[in-house]
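Written out below as structure tokens is the structure these notes cover.
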Amino acid sequence: ESLWKIAVGVDSVPITIKLSVDKQVASAPEVSVFCNDQKVFPETSASRSKLKEDFQWRMPFRGTVKGLAMKDFFEVRPEYLGQERWFLATLTEQREDGLFKAILQMPDGKGGFNSVDFPAVKVENLREAFGAKRPISLPQRYLELYVPMKHPLDASLRIDGEAMTHFFSRPTPPPTKQGNGRSRVLFSVSKDRSTVVADVGHSALGHFLSGGVRS
């Protein structure tokens, strides 16, 4: 039996995928696949079935928008204003329903700005703050389970066809000879695993996880 517990997308509820293989008949083992206690193979009422070909199962999910948690990376157009006015914003959360939580920098009427929370910003009211001010799109991605017919215990998980293990780390440039800059983030986990503390702030951590280049 193989068991995976995965959180795909941002702030999503983890899903559990369970693969069971009955090897009583070595030449043709019977297989069952469950996702969150719902059977996805076999599609019949049988508890297990032999594979007649390689089995592939896909589940779509929303990818993470680039620039999440980066200060003033976006502009937001508040719907209630009823006009084309955009304000600098930091996206603090990508919700499961496709909306975003944001903090906008809005004029205070005295020549300064106030930070205002917007809990539900639609993607069509978002754009990048600099350069071409490109609109934001939510990338659609796929979690895939691949079970080979001849060796079902060699099953693997993929993201858009790429091995899941390739997403456990991200490429980083080598440290400079002068030693400037930081090439790692240090996490400290409490003994009961209830809290995790990083040695950088929220913005820096968000940038690190995005894999972007810092000048």
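Each residue of the sequence shown is one higher than the last, beginning at -8 in this note's numbering. Using N, Cα and C, we set each Cβ at its ideal position, and we do this for glycine too.
Classification of residue i by the beta-carbon crowding that lies within 10 angstroms, buried from 16 upward
i: T156; result: exposed
i: V24; result: buried
i: Y65; result: Reading the sequence as shown, one finds Phe at residue 65 and not Tyr. Its Cβ being crowded by 16 or more others within 10 Å, F65 is buried.
i: A189; result: exposed
i: V180; result: exposed
i: V187; result: exposed
Nearest candidate by alpha-carbon position, reference residue i, set the options
i: A80; options: R86, D63, L72; result: D63
i: P258; options: D45, Y133, F25; result: Past the edges of the chain, shown from -8 to 206, lies residue 258, and the structure says nothing about it.
i: K113; options: R125, G89, S23; result: G89
i: N27; options: E75, W(-5), G54, A120; result: W(-5)
i: F121; options: S(-7), P130, F78; result: F78
i: S147; options: D45, P33, P20, R39; result: D45
i: R39; options: E115, L95, V191, E(-8); result: E(-8)
i: T83; options: P110, Q96, G54, Y71; result: P110
i: E70; options: K43, G58, N116; result: N116
i: V31; options: V138, E153, A195; result: V138
For residue j and residue i, the rounded distance between their alpha carbons
i: I127; j: I150; result: 22 Å
i: V67; j: S185; result: 35 Å
i: W48; j: V56; result: 25 Å
i: K9; j: R175; result: 34 Å
i: R86; j: K92; result: 7 Å
i: S206; j: E75; result: Residue placement at S206 is flagged as unreliable, the pLDDT there being 49, under the threshold of 50; a coordinate-derived value is accordingly withheld.
i: V4; j: I(-3); result: 9 Å
i: V107; j: L129; result: 24 Å
i: S36; j: Q29; result: 12 Å
i: L72; j: D145; result: 56 Å
i: I6; j: L42; result: 24 Å
i: K124; j: I94; result: 18 Å
i: P20; j: G54; result: 35 Å
i: L136; j: A154; result: 10 Å
i: G152; j: P33; result: 22 Å
Report the start-end ranges of each alpha helix (DSSP H) in the region 21 to 59 that is 4 residues or longer and not cut off at the edges. none
Under 8 Å: do the region 11 to 20 and the region 101 to 110 share three or more Cβ pairs, one atom per stretch? no
My parser needs the beta strand (DSSP E) runs of 3 or more residues fully inside the region 77 to 153; what are they? 78 to 85, 91 to 98, 104 to 112, 117 to 119, 131 to 138, 147 to 150
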